[in-house]
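> Just dropping this structure here.
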Amino acid sequence: MAASKLDEVVSLAKRRGFVFPAGEIYGGTRSAWDYGPLGVALKDNIKREWWRSMVVTRGDVVGVDTSVILPPAVWVASGHVSVFNDPLIECLNCHKRHRADKLEESYAEKHGHEPENGLKDIVCPDCGTKGDWTEPRDFNMMLRTHLGPVEDENSLHYLRPETAQGIFVDFKNVMTSSRSKPPFGIANMGKSFRNEITPGNFIFRTREFEQMEMEFFVVPGTDEEWHQYWIDTRTRWYTDLGIKPENLRHYEHPKEKLSHYSKRTVDIEYRFGFQGSEWGELEGIANRTDFDLTAHQNHSGEDLSYFNQATGERFIPYVIEPAAGLTRSLMAFLVDAYDVDEAPNTKGGVDKRTVLRLDPRLAPVKAAVLPLSKKPELQGIAQDLAADLRQHDWMIDYDEAGAIGRRYRREDEIGTPLCVTVDFDTIDDHAVTVRERDTMAQERVSLDKVAEYVAERVGEKRVRYPQGPVSIVGTKAADGGQDVAKEQGVDESEPVKVAEAGGQY
Numbered sequence: 004m005a006a007s008k009l010d011e012v013v014s015l016a017k018r019r020g021f022v023f024p025a026g027e028i029y030g031g032t033r034s035a036w037d038y039g040p041l042g043v044a045l046k047d048n049i050k051r052e053w054w055r056s057m058v059v060t061r062g063d064v065v066g067v068d069t070s071v072i073l074p075p076a077v078w079v080a081s082g083h084v085s086v087f088n089d090p091l092i093e094c095l096n097c098h099k100r101h102r103a104d105k106l107e108e109s110y111a112e113k114h115g116h117e118p119e120n121g122l123k124d125i126v127c128p129d130c131g132t133k134g135d136w137t138e139p140r141d142f143n144m145m146l147r148t149h150l151g152p153v154e155d156e157n158s159l160h161y162l163r164p165e166t167a168q169g170i171f172v173d174f175k176n177v178m179t180s181s182r183s184k185p186p187f188g189i190a191n192m193g194k195s196f197r198n199e200i201t202p203g204n205f206i207f208r209t210r211e212f213e214q215m216e217m218e219f220f221v222v223p224g225t226d227e228e229w230h231q232y233w234i235d236t237r238t239r240w241y242t243d244l245g246i247k248p249e250n251l252r253h254y255e256h257p258k259e260k261l262s263h264y265s266k267r268t269v270d271i272e273y274r275f276g277f278q279g280s281e282w283g284e285l286e287g288i289a290n291r292t293d294f295d296l297t298a299h300q301n302h303s304g305e306d307l308s309y310f311n312q313a314t315g316e317r318f319i320p321y322v323i324e325p326a327a328g329l330t331r332s333l334m335a336f337l338v339d340a341y342d343v344d345e346a347p348n349t350k351g352g353v354d355k356r357t358v359l360r361l362d363p364r365l366a367p368v369k370a371a372v373l374p375l376s377k378k379p380e381l382q383g384i385a386q387d388l389a390a391d392l393r394q395h396d397w398m399i400d401y402d403e404a405g406a407i408g409r410r411y412r413r414e415d416e417i418g419t420p421l422c423v424t425v426d427f428d429t430i431d432d433h434a435v436t437v438r439e440r441d442t443m444a445q446e447r448v449s450l451d452k453v454a455e456y457v458a459e460r461v462g463e464k465r466v467r468y469p470q471g472p473v474s475i476v477g478t479k480a481a482d483g484g485q486d487v488a489k490e491q492g493v494d495e496s497e498p499v500k501v502a503e504a505g506g507q508y
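So for the sequence shown, my numbering puts the first residue at 4; every next one is plus one.
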C-alpha cells in the first residue's frame with residue numbers, strides 16, 4: 004500500500020470531521036486527537052459490532068465496565084509496576100528519544116534480518132546519524148496520578164494501561180453473580196493510558212486510547228484449541244466487516260519476545276503502509292495461562308479458583324485474551340475503505356471521485372436525503388422523509404446546497420451507502436430516486452417503501468459462527484448460520500486465509 008494513500012486518508016479524516024487534533028487552537032498536544040461528528044459515529048458503530056459479536060450473540064460471554072483507576076496493588080500483582088517497561092534510547096546527536104525494540108523491528112522488516120551489531124547498525128530516523136545511541140534503559144509506561152488533597156506515596160495511583168486487569172479482579176464477582184462457569188468470557192471496553200515514548204502515525208499510537216478486550220476462561224488443557232479458535236474467529240470479524248484478507252496477516256510472537264504472562268501470542272496485523280514498517284498491530288490474541296488469576300490470588304489472599312462439582316476438581320482457569328484497539332480498528336477500516344475512481348459529470352465527461360466503501364453497518368451516515376431544489380414543495384417532502392428515516396435509529400443527512408452531483412460526492416467521501424433524491428416528479432408519482440454509493444446505480448422507489456428499502460441495504464447481517472473449537476463443541480459451523488458471502492461461495496465456518504509472519508511454533 005502506497006504511503007500516499009495513508010496521507011490522503013489522514014487528510015480526509017481531518018477535513019471531513021472524523022478526527023481533529025486535540026486542543027488545536029492552543030497548538031495541540033502531540034498525538035492527542037478528538038473525534039468529530041463522523042468519527043464518533045464510526046467509533047460507536049465499531050463498538051456496537053464488536054459487542055454484538057463478542058457478547059450479545061453468544062451465550063458464553065458477559066460484559067463489565069471497570070474503573071479507570073484501580074487500587075495500586077492491582078498493578079503490583081499483575082507485574083505492571085515491575086515489568087511494564089519499554090527500552091528507551093536517546094540519539095547522542097539530536098537528543099531525540101525512541102523505543103529501541105521498535106527501531107530494531109523496522110530494521111529487520113526493511114533488511115530481512117535482525118541488526119547484526121545491534122544498535123550500532125540503527126540509523127536515527129530524525130537526524131540520520133548511525134549507531135550513536137545511549138544504552139537502553141527501562142521506561143515504565145504507566146501514567147501516575149494522586150487521589151485526594153495530599154500528594155504522597157499513600158495517594159499514588161495509576162491510570163490503567165489496559166482494561167484486562169479490571170476483568171481479572173472482578174472474575175469472582177462476575178462468575179458468582181452471573182452463574183457462569185468455564186468456558187466463559189468477560190468483555191470490557193474503555194479508555195486506557197500509556198506514556199508512550201514515541202507516539203505517532205496519526206491515531207495508531209497514542210497515549211490515550213480505547214480498547215475492546217475479552218478474557219475467556221477455559222479448563223487447563225483446552226487452552227491451545229480455544230486460542231486457535233479465537234484467532235480464527237477474530238480474523239473473520241474484520242473480513243466480515245469489509246477488510247480485505249490480503250491486507251491482514253498473523254504475526255506469531257517469537258518465544259524469546261513473549262510478554263511475561265504469555266504462553267503464545269498471535270497479533271492480527273493490518274497493512275497500513277507506514278514508513279519504515281508497513282504493518283501495524285490491530286489486535287493481539289494471547290494465551291495468558293493462569294498467570295493473572297494466580298498472581299491476584301497470591302497477592303490478595305482471595306480464592307480465585309473454580310470448583311467443578313460434577314468432577315470434584317478444583318482449578319484456576321487458563322485465559323485466552325483477544326485484545327483489540329478501537330482507534331486502530333477505526334484507522335484500518337478507513338484506510339481499507341478509501342478508494343478513488345471515476346464518475347460521470349454533467350458535461351458528459353468523467354471526474355475523479357473519492358469514496359469510502361465502508362460496510363453499511365459501519366457507515367456513520369446511513370442515507371442522505373437530497374431535495375433537487377430549494378423549492379418549498381420539495382423541501383417539505385424531503386424534510387418529512389428525513390425525519391421519518393431517523394425514527395429507525397439511523398443517522399440521516401439532509402443536504403440542499405449545491406448541484407446534485409456535488410452533493411453525491413460529499414456523501415461518497417464519508418461513506419454514506421445511499422442517497423435519496425426528491426425531485427419534481429415526486430410531487431406527482433410519490434416516488435424518489437435512490438442512488439447506491441459503490442455502483443452509482445439509481446432506482447426509483449415509492450415514498451412509502453423508502454424505509455424498507457434502506458433497511459434491507461444497511462441493516463444488520465446476522466452471522467452465526469461456531470461457538471468454540473469443533474473438538475470441544477462438536478460442530479464445525481453454527482446450525483442455521485447465514486453466510487453473508489454466500490454468493491461468493493465462501494464457507495463462513497472455514498478460517499480466513501491470511502499471510503503468516505514472525506516466529507514459528
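All C-beta atoms in this analysis are idealised placements derived from N, C-alpha and C, irrespective of residue type, glycine included. Just so it is clear, the structure is predicted and the values come from calculations on it, not from any experiment.
(1) Relative to the alpha-carbon of H263, which residue among F336, Q231, V84 has its alpha-carbon at the smallest distance?
(2) Roughly how many angstroms lie between the CA atoms of D482 and D295, to the nearest whole one?
(3) Below 8 Å on the Cβ atoms is my contact criterion, and I expect A167 with A326 to pass it. Report the Cβ-Cβ distance as a whole number of Å.
(4) Which same chain residues end up closer than 6 Å to H230 when comparing Cβ atoms and leaving out the 5 residues on each side of it in sequence?
(5) Return yes when the Cβ of F21 is within less than 7 Å of the Cβ of D89, no when it is not.
(6) Might you give, ordered along the chain, the residues of its own chain that have their beta carbon closer than 8 Å to the beta carbon of V221, omitting 5 neighbours on each side?
(7) Out of R197, V64, E218, M217, which one is the CA nearest neighbour of R208?
(8) Could you tell me which of G408, H116, R102, L162 sits nearest to L136, measuring between CA atoms?
(9) What are the boundary residues of the alpha helix (DSSP H) that includes T242?
(10) What are the start and end residues of the alpha helix (DSSP H) that includes D428?
(11) Looking at C-alpha atoms only, which residue of G408, T236, N120, T330 is the closest neighbour of P472?
(12) Using the DSSP secondary-structure output, state which residues sit across from H101 in a beta bridge.
(13) Quick one: residues in its chain with C-beta nearer than 7 Å to the C-beta of P118, no 5 flanking neighbours on either side, listed in chain order?
(14) What is the residue span of the beta strand (DSSP E) that S195 lies within?
(15) When you compare each of N176, L381, G169, G383 to A194 by their alpha carbons, which one comes out closest?
(16) So F174 is in the alpha helix (DSSP H); what residue range does that whole segment cover?
(17) On a CA-only basis, which of R317, L337, T201, T314 is nearest N250? Give me that one, please.
(18) Can at least three beta-carbon pairs, one atom from the segment 44–64 and one from the segment 139–159, be found at a separation below 8 Å?
(19) Can you tell me whether S332 is buried or exposed? The criterion is at least 16 other CB atoms within 10 Å of its CB, across all chains shown.
(20) Run through the DSSP bridge pairs and tell me what D362 is partnered with.
(21) Applying the criterion that 16 or more other CB atoms from any shown protein chain within 10 Å of the CB defines a buried residue, is T314 buried or exposed?
(22) So that I know if they touch, is there some Cβ in chain B lying closer than 7 Å to that of A385?
(23) Give the secondary structure of I246 by DSSP, where H, G and I count as helix, E and B as strand, and everything else as coil.
(24) Looking only at its own chain, which residues have a Cβ that is under 8 Å from the Cβ of L261, when we skip the five neighbours before and after it?
(25) Starting from the N-terminal side, write out each stretch of the alpha helix (DSSP H) that is 4 residues or longer and does not extend beyond the segment 298–346.
(26) If we count Cβ pairs, one from each stretch, closer than 8 Å, do we get three or more for the segment 298–316 versus the segment 334–351?
Reading from the atomic positions:
(1) Across the set F336, Q231, V84, the C-alpha of V84 shows the shortest separation from the C-alpha of H263.
(2) Residue confidence for D482 is low, a pLDDT of 39 falling below 50, so the modelled location carries little weight and cannot support an answer.
(3) 7 Å
(4) The answer, listed in chain order, is N290, I323.
(5) no
(6) P185, P186, W229, P320, Y321, V322, I323
(7) R197
(8) The question names Leu, but residue 136 is Trp in the sequence shown. Nearest C-alpha to W136: R102.
(9) 226–243
(10) 427–432
(11) T236
(12) According to DSSP, H101 bridges with I92.
(13) E107, Y110, D124, I125
(14) 187–196
(15) The sequence shown places Lys at residue 194, rather than the Ala named in the question. Nearest C-alpha to K194: G169.
(16) 174–181
(17) Taking the Cα of N250 as reference, the smallest distance to any Cα among R317, L337, T201, T314 is reached at L337.
(18) no
(19) buried
(20) D362 is not bridged to any residue.
(21) exposed
(22) You won't find chain B in this structure, because it holds only one protein chain.
(23) coil
(24) Only R267, T268 meet the Cβ criterion.
(25) 329–340
(26) The segment 298–316 vs the segment 334–351: no contact.
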